[in-house]
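Presented below is the structure to which this report refers.
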Amino acid sequence: DGGITQSPKYLFRKEGQNVTLSCEQNLNHDAMYWYRQDPGQGLRLIYYSQIVNDFQKGDIAEGYSVSREKKESFPLTVTSAQKNPTAFYLCASRSKERGAREQYFGPGTRLTVT
Amino acid sequence: QKEVEQNSGPLSVPEGAIASLNCTYSDRGSQSFFWYRQYSGKSPELIMFIYSNGDKEDGRFTAQLNKASQYVSLLIRDSQPSDSATYLCAVNKAAGNKLTFGGGTRVLVKP
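Residue numbers (the working numbering), protein chains in the order written: chain A, 833 to 946; chain B, 1017 to 1127.
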C-alpha cells in the first residue's frame, strides 16, 4: 500500500529531552512537510523539504530540526529549546509534477511533554 | 488580514440538507486549492482539489472557484452525520511549493 507512515502514534517525554518523530513515505513524492496542530487550532508549518539534502524553515521552526538524507524519510527532532512541545505533529508529502500537486498527510504523532 | 480565511463555525446543518463552506484568500496569484476534512483527533484527509475557475463535482461534494473574487467554496449535498468534522481550506500561492491553510470550519450535521 502506498502512503505516509508516522511513528509512534503517541509519544511521552520528560521536559528537557530531545525527541525524534519519524515520517516515511512510499509515494515517490519529492516534497515533504512537517506541521504542528494545537487543540482547536489550524495547521502551522514547521519545516519543509523539496529535495533530498535540502530543507527550509516554515513559520515556527524555532526549537525544531530536520534532516532529509533519503527521499522517503523526513524525521523531525523536537529539541529541549522548544518552549511548548506538546502538540499533534503531522507529516505530509506532495508530488512536484504538474497536474499531480495534491498533498497528503500521515496519521500524525501526538506528543506529550511533562 | 489572514492569508486564507474561513468562518470557524460551527455550521449546523440538518441531515439531508446542503452544507455550504466558504474560503477567501489574499494572494491573487494563487494557483491551486484544496479542501481537507479532519475528524477530531485524526489527520486531515484530502476530499477535493480544484485548479480552474468554475465548479468541480465529486460525489456529494462540489468545489467552486472564483479567482476574480478570490474565493473557493465547498458544497456538501445530502449531508450525513458522518460529515460532521472540521473542513480545512488550503491554497498554493503563486510562488513556492507549500500550502497555506485556513483555520477550518467546524460542521455539525444533526439527525
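Beta carbons are placed, not taken as given, at the ideal position from N, Cα and C, and that holds for glycine.
_Contacting residues, own chain, Cβ-Cβ under 6 Å from A:F937 (five flanking each side not counted)_ = Residue numbering aside, residue 937 of chain A sits at position 105 when the first sequence is read from its first letter. Result list for A:F937: L922, A924, in chain order.
*Nearest-angstrom Cα distance between A:L843 and B:T1116?*
Working through the first sequence from its first residue, we reach residue 843 of chain A at position 11. Working through the second sequence from its first residue, we reach residue 1116 of chain B at position 100. Taking the Cα positions, A:L843 is about 27 Å away from B:T1116.
*Applying a beta-carbon distance threshold of less than 8 Å, which residues of chain A neighbour B:S1059?*
As a first step, residue 1059 of chain B is located in the second sequence; it is residue number 43 there, counting from the start. Result: L922, F937, G938, P939, G940.
*Report yes or no: is there a C-beta of chain B within less than 9 Å of the C-beta of A:K903?*
Locating residue 903 of chain A in the first sequence gives position 71, where the first residue counts as 1. False, the Cβ-Cβ gap to chain B never drops below 9 Å.
*Nearest candidate by alpha-carbon position, reference A:Q838, set A:T909, A:V884, A:D862, A:S854*: Position 6 of the first sequence, counted from the first residue, corresponds to residue 838 of chain A. Closest by alpha carbon: A:S854.
*Might you give, ordered along the chain, the residues of its own chain that have their beta carbon closer than 6 Å to the beta carbon of A:R845, omitting 5 neighbours on each side?*
In the first sequence, counting from the first residue as 1, residue 845 of chain A sits at position 13. Around A:R845: V851, V945.
*For the beta strand (DSSP E) that contains A:T946, what are its first and last residues?*
The residue you call residue 946 of chain A lines up with position 114 of the first sequence. Run containing A:T946: none; DSSP gives neither H nor E here.
*Measure from the C-beta of A:A863 to each C-beta in chain B and report whether the shortest distance is under 9 Å.*
For the purposes of this step, residue 863 of chain A is taken as the residue at position 31 of the first sequence. So, interface residue.
*Identify the residues that DSSP records as bridge partners of A:K902: which are they?*
Locating residue 902 of chain A in the first sequence gives position 70, counting from the first residue. In DSSP, A:K902 forms a bridge with A:S905.
*What are the residues of the stretch 891 to 902 of chain A that lie near chain B, defined by any Cβ-Cβ distance shorter than 9 Å?*
Answer set for the stretch 891 to 902 of chain A: empty.
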